[in-house]
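Data first, discussion second: the structure below is written as structure tokens.
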Amino acid sequence: MKFVIVLACLLAVACAVDERSAVTTEERVQVNPDGFNYNVETSNGIELNQQGKVDEHTNSVSGSYKYTAPDGSLVVVTYTADENGYKADVKV
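Residue numbers (mature numbering (1 follows the signal peptide of the UniProt record, and there is no 0)): -16 to -1, 1 to 76.
Spelled out as structure tokens, the structure:
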């Protein structure tokens, strides 16, 4: 299960952060024994926010990312990954 959650985190980061973009705001990372928070914003307007929780009963990741599509529309993806799988809600 932890592998699925880690994979979901990496997938979200890979989708959200374009390697040609420079990080314009300070990347904020907070890691605790019971979870983490991660936030980043890039110079081309991509924003990523993630939170994870870990305890003896729950392992979950939730977050969102948004970016401007090539046609100029704003795309917002909100997701969760937990014992029920990966679920994403996409709004364009």
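Every residue, glycine too, gets a C-beta built ideally from N, C-alpha and C.
In the three-state scheme derived from DSSP, where H, G and I count as helix and E and B as strand, residue 73 is classed as strand.
For residue 63, the closest C-alpha among the options 13, 26, 21 and 33 is that of 33. When the Cα atoms are used, residue 40 and residue 56 turn out to be separated by approximately 44 Å. Closest in C-alpha terms to residue 69, from the list 24, 42 and 28, comes 42.
Sequence-distant Cβ neighbours of residue 46 in its own chain, meaning closer than 6 Å and more than five residues away, are 35 and 64. The alpha-carbon separation between residue 60 and residue 48 amounts to approximately 7 Å. Residue burial is scored here from C-beta neighbours: residue 11 has fewer than 16 other C-beta atoms within 10 angstroms and is therefore classed as exposed.
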